[in-house]
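Trainee:
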Amino acid sequence: MRSSRPATSPRSSRSPFTSSGRSSRPRLRARPAVLLAGAAVVGALLTAGAGTARAADAPLRDLAAAQGKAMGTAVTGSKLTGTYGDIAGREFSWLTPGNAMKWGSVEPAQGTFDWAEADRIVNFAEAHDQDVRGHTLVWHSQNPSWLTDGSWTPARLGTLLHDHIDTEVGRYKGRVAAWDVVNEPFNEDGTYRSTLWYDGLGADYIADALTWARAADPAARLYINDYNVEGVNAKSTALYDLVKSLKERGVPIDGVGLQAHLILGQVPSTLQQNIQRFADLGVDVAITELDVRMQLPSDSAKLARQAADYQAVMNACLAVTRCTGATVWGFADSDSWIPDTFPGQGAATPYDENYAPKPAYRAIAEALGGTTTEPPTGACTAAYSVTGQWNTGFTGQVRIACSGAALSSWKVGWNFGAGQQIAQAWNATCAQSGAAVTCSNASYNGTVPDGGSVTFGFNGSWSGSNPVPTVTLG
Ligand code: XIL
0 MRSSRPATSP
10 RSSRSPFTSS
20 GRSSRPRLRA
30 RPAVLLAGAA
40 VVGALLTAGA
50 GTARAADAPL
60 RDLAAAQGKA
70 MGTAVTGSKL
80 TGTYGDIAGR
90 EFSWLTPGNA
100 MKWGSVEPAQ
110 GTFDWAEADR
120 IVNFAEAHDQ
130 DVRGHTLVWH
140 SQNPSWLTDG
150 SWTPARLGTL
160 LHDHIDTEVG
170 RYKGRVAAWD
180 VVNEPFNEDG
190 TYRSTLWYDG
200 LGADYIADAL
210 TWARAADPAA
220 RLYINDYNVE
230 GVNAKSTALY
240 DLVKSLKERG
250 VPIDGVGLQA
260 HLILGQVPST
270 LQQNIQRFAD
280 LGVDVAITEL
290 DVRMQLPSDS
300 AKLARQAADY
310 QAVMNACLAV
320 TRCTGATVWG
330 FADSDSWIPD
340 TFPGQGAATP
350 YDENYAPKPA
360 YRAIAEALGG
370 TTTEPPTGAC
380 TAAYSVTGQW
390 NTGFTGQVRI
400 ACSGAALSSW
410 KVGWNFGAGQ
420 QIAQAWNATC
430 AQSGAAVTCS
440 NASYNGTVPD
450 GGSVTFGFNG
460 SWSGSNPVPT
470 VTLG
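So in the numbering used here, the last one in the sequence shown is 473, and the numbering has no gaps at all.
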């Protein structure tokens, strides 16, 4: 996640990019020719028409790496199987636990720790050659009630925070490339937010937390992260002044995170200028929680506007060397926090609820230098996804959707690549012979109107692996 070091400088043995000693993936300034050689295979979405709709010519992580950047996503650890896991592993080079590393998640009762979800994400990241952005150590929200309900002297509060940072950063020492050490310290007017930490410890809780995090893992890049600091404004200027003074005082600070929870059509015009001014202070900048929300329902005009917004953010990051990359806050609309937090709004991520890439996905890929193939107009598509998976069984689903075309009956087929077997299907009649599966419509769902969709499902068995097959519709 550091982009500032000249390509010619020797790699520090403390670099988070080499700390595992295992990664062969070039993470900085790698040559496109190398990276693009392993072109992406995106098998879950095929069209019935002549053209093949591909998500992009290469996964976003490879396109980003070729630009010296990373592309990340927030994830939910328990979902990292099936189609969700396939996309998370294939497309992204950074993973941020959406909730799993927050204090309330890891220490629900004082002295009782639950690392299962965080461990799952860190293990997944290592298995997929990804970096983890740890999120977050010091925040006013999602703290355990024993902490927020307690009554603590300043000294005791400081010790609790120090121990928390020691424990969590220490546990993942060498395995988390960057930490959002402090999250959301400012009010909109640039004053410090009144929180458990500020009220109890004063503004120096920030410097102390950074110092403690550095001691617990000297290799991790240490960030302060906030929202509404994307453009030049009172809040981002307060963050700027803080970072400047921390640097002057010799407090360890490596980067700022611009969350970038954006509203459709409202990418700040000063985004690049703002990124640049932080870079000029000598810190990295990361876009840490990117999403672009809209009033539901979405329509093609809003999705096109959203694509342009995503592209504008990517372009601003690409224009500044020290902008290390962008993380989306959930990659699919079905895994986004927006509908719960902003009622009536949603559709904020690059993939739809069924894991089909949206125009925003293609816009990100194009900003990163990829060439993408638009789905042909007037086509029906079949998308296969694994919606649940356990020891030996799984539930799959195929969604047939039409846009500019319609069907009065349908038949889809695929070959299972790893010995999977269908046990039972619903909303379709399926037969399997060897690896080959064919499913055709039931009596009541052969019609797929223009702009409509039909979904059928099945239970099956698997062992070893459960790769997503390429589906044909015909
Ligand atoms: C959100 C999560 O995505 C939700 O699942 C949770 O209910 C609330 O928090 N800024 C942050 C993130 O720094 O931690 C927040 O994540 C979104 C806003």
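The beta carbon of each residue, even a glycine, is placed where N, CA and C say it ideally should be.
(1) Below 8 Å CB to CB, which residues in the same chain sit around Gly463 once its five sequence neighbours on both sides are set aside?
(2) For Pro468 versus Trp413, is the C-beta distance shorter than 8 Å?
(3) So what's Asn273 in DSSP terms, helix, strand or just coil?
(4) Looking at the strands, I want to know which residues DSSP matches up with Lys410.
(5) Check whether the segment 277-285 and the segment 225-244 touch, using three or more Cβ-Cβ pairs below 8 Å as the test.
(6) Can you tell which of Leu367, Gln423, Thr80 and Gly169 has its C-alpha closest to the C-alpha of Gly459?
(7) Counting only runs of 4+ residues fully inside the segment 65-117, write out the alpha helix (DSSP H) ranges in chain order.
(8) Could you tell me the alpha carbon to alpha carbon distance between Gly324 and Arg220, rounded to whole angstroms?
(9) Residues in the same chain with beta-carbon distance under 6 Å from Trp165, minus the five sequence neighbours each way, listed in chain order, please.
(10) Less than 7 Å between the CB of Asn98 and some heavy atom of the ligand XIL, yes or no?
(11) Does at least one heavy atom of the ligand XIL sit under 7 Å from the Cβ of Trp336?
(12) Based on the DSSP secondary-structure assignment, which residues constitute the bridge partners of Asn182?
(13) Are the segment 185-193 and the segment 117-125 touching, with three or more C-beta to C-beta distances below 8 Å?
(14) Under the three-state reduction of DSSP, which class applies to Ala218: helix, strand or coil?
(15) Give a single yes or no on whether Gln258 has its beta carbon closer than 7 Å to a heavy atom of the ligand XIL.
(16) Excluding the 5 residues preceding and the 5 following Ala331 in the sequence, name in chain order all residues of the same chain whose CB lies nearer than 6 Å to its CB.
(17) Would the beta-carbon of Thr210 be found less than 7 Å away from any heavy atom of the ligand XIL?
(18) On the criterion of 16 or more Cβ atoms from any shown chain inside 10 Å, does Trp178 qualify as buried, or is it exposed?
(19) In terms of residue numbering, what span does the alpha helix (DSSP H) encompassing Ser335 cover?
(20) If we call anything under 8 Å between Cβ atoms a contact, is Gly345 one with Ser335?
(21) Please list, in chain order, all residues of the same chain as Leu59 whose beta carbon is under 7 Å from its beta carbon, the five residues on each side excluded.
(22) Give me the residue from Phe455, Asp188 and Arg170 with the minimum Cα distance to Cys429.
(23) Give a yes or no on whether the C-beta atoms belonging to Thr135 and Asn186 are separated by under 8 Å.
(24) Quick check: what's the CA-CA separation for Val284 versus Val242?
(25) Could you pull out every unbroken alpha helix (DSSP H) segment of at least 4 residues lying fully inside the segment 153-214, listed in chain order?
(26) Is it right to say Ser150 is buried, meaning 16 or more other beta carbons lie within 10 angstroms of its own, or is it exposed?
(27) What I want to know is whether the C-beta of Thr135 ends up closer than 7 Å to one or more non-hydrogen atoms of the ligand XIL.
(28) Do Leu200 and Pro153 have their C-beta atoms within less than 8 Å of each other?
(29) Where do the ends of the alpha helix (DSSP H) carrying Asp283 lie?
(30) Taking the Cβ atom as the reference point for each residue, do Ala359 and Gln305 lie within a distance shorter than 8 Å?
(31) For Thr210 versus Pro184, is the C-beta distance shorter than 8 Å?
(32) Taking the straight line between their C-alpha atoms, what separation do you get for Pro466 and Gly387?
(33) With a CB to CB cut of under 6 Å and the five nearest residues on each side skipped, what residues in its chain are close to Ser442?
(34) Report the rounded CA-to-CA distance for Ala206 versus Asp162, giving the unit in angstroms.
(35) Figure out for me which residue from Trp138, Thr111, Thr95 and Ala108 has the closest Cα to the Cα of Ala117.
Mentor: Taking the coordinates as given:
(1) Locating residue 463 in the sequence shown gives position 464, where the first residue counts as 1. The answer, listed in chain order, is Ala417 and Gly418.
(2) Mapped onto the sequence shown, residue 468 falls at position 469. Mapped onto the sequence shown, residue 413 falls at position 414. It is a contact, given that the beta carbons lie within the stated cut-off.
(3) Stepping through the sequence shown from its first residue, residue 273 is reached at position 274. DSSP, reduced to helix, strand and coil, places Asn273 within a helical segment of the structure shown.
(4) Residue 410 sits at position 411 when you count from the first residue of the sequence shown. Lys410 is bridged to Ser439.
(5) yes
(6) On the sequence shown, residue 459 is found 460 positions in, with the first residue counted as 1. The candidate whose alpha carbon is nearest that of Gly459 is Gln423.
(7) The alpha helix (DSSP H) runs lying completely inside the segment 65-117 and spanning 4 residues or more are 81-90 and 102-105, given in chain order.
(8) Numbered from 1 along the sequence shown, position 325 holds the residue referred to as residue 324. Numbered from 1 along the sequence shown, position 221 holds the residue referred to as residue 220. Approximately 14 Å between the Cα atoms of the pair.
(9) On the sequence shown, position 166 is the one that residue 165 refers to. According to the sequence provided, residue 165 is Asp. The question's Trp does not apply to it. Contacts found: Ala215.
(10) Along the sequence shown, one-based indexing puts residue 98 at 99. Because some heavy atom of the ligand XIL lies under 7 Å away, the Cβ of Asn98 counts as near it: yes.
(11) Walking along the sequence shown from the start, residue 336 turns up at place 337. Answer for Trp336: yes, Cβ within range of the ligand XIL.
(12) To locate residue 182, count along the sequence shown from 1; it is residue 183. Bridge partners of Asn182: Asn224.
(13) Contact between the segment 185-193 and the segment 117-125 is absent, because fewer than three Cβ pairs lie under 8 Å.
(14) Numbered from 1 along the sequence shown, position 219 holds the residue referred to as residue 218. In this structure, Ala218 counts as coil in the three-state DSSP scheme.
(15) Residue mapping note: residue 258 aligns to position 259 of the sequence shown, counting from 1. Because some heavy atom of the ligand XIL lies under 7 Å away, the Cβ of Gln258 counts as near it: yes.
(16) Along the sequence shown, read from residue 1 onward, the residue named residue 331 stands at position 332. If we look at Ala331 and ignore the five residues flanking it on each side, its Cβ neighbours are Thr348, Tyr350 and Tyr354.
(17) To locate residue 210, count along the sequence shown from 1; it is residue 211. Flag unset: Cβ of Thr210 not near the ligand XIL.
(18) The residue labelled residue 178 in the question sits at position 179 within the sequence shown. Answer is buried; the Cβ neighbour count reaches 16.
(19) Mapped onto the sequence shown, residue 335 falls at position 336. First-last for Ser335: undefined, no H or E at that position.
(20) Mapped onto the sequence shown, residue 345 falls at position 346. Mapped onto the sequence shown, residue 335 falls at position 336. Taking 8 Å as the Cβ cut-off, Gly345 and Ser335 qualify as a contacting pair.
(21) Locating residue 59 in the sequence shown gives position 60, where the first residue counts as 1. Around Leu59: Met70, Glu90, Phe91, Ile363, Ala364 and Leu367.
(22) Your numbering for residue 429 matches position 430 in the sequence shown. Checking every option, the nearest Cα to that of Cys429 belongs to Phe455.
(23) Start at 1 with the first residue of the sequence shown, and residue 135 comes out as number 136. Start at 1 with the first residue of the sequence shown, and residue 186 comes out as number 187. In this structure, Asn186 does not lie closer than 8 Å to Thr135 by Cβ.
(24) Residue 284 sits at position 285 when you count from the first residue of the sequence shown. Residue 242 sits at position 243 when you count from the first residue of the sequence shown. Val284 and Val242: Cα-Cα distance of roughly 12 Å.
(25) 153-170 and 195-200
(26) Residue mapping note: residue 150 aligns to position 151 of the sequence shown, counting from 1. Per the 10 Å Cβ criterion, exposed.
(27) Taking the first residue of the sequence shown as position 1, residue 135 is located at position 136. Correct: Thr135 has its Cβ closer than 7 Å to the ligand XIL.
(28) One-based indexing of the sequence shown puts residue 200 at position 201. One-based indexing of the sequence shown puts residue 153 at position 154. Against a cut-off of 8 Å, the Cβ pair of Pro153 and Leu200 comes out as a contact.
(29) Position 284 of the sequence shown, counting from 1, holds the residue named residue 283. Asp283 -> not in any alpha helix (DSSP H); beta strand (DSSP E) instead, spanning Asp283 to Gln294.
(30) By one-based count along the sequence shown, residue 359 stands at place 360. By one-based count along the sequence shown, residue 305 stands at place 306. In contact: Ala359 and Gln305 (Cβ atoms closer than 8 Å).
(31) By 1-based counting over the sequence shown, the position of residue 210 is 211. By 1-based counting over the sequence shown, the position of residue 184 is 185. Against a cut-off of 8 Å, the Cβ pair of Pro184 and Thr210 comes out as no contact.
(32) In the sequence shown, counting from the first residue as 1, residue 466 sits at position 467. In the sequence shown, counting from the first residue as 1, residue 387 sits at position 388. Roughly 13 Å between the two C-alpha positions.
(33) By one-based count along the sequence shown, residue 442 stands at place 443. Within the same chain, Ser442 has no close Cβ partners at all.
(34) Working through the sequence shown from its first residue, we reach residue 206 at position 207. Working through the sequence shown from its first residue, we reach residue 162 at position 163. If I take the Cα positions, the gap works out to 15 Å.
(35) Residue numbering aside, residue 117 sits at position 118 when the sequence shown is read from its first letter. Ranking the options by Cα distance to Ala117, first place goes to Thr95.
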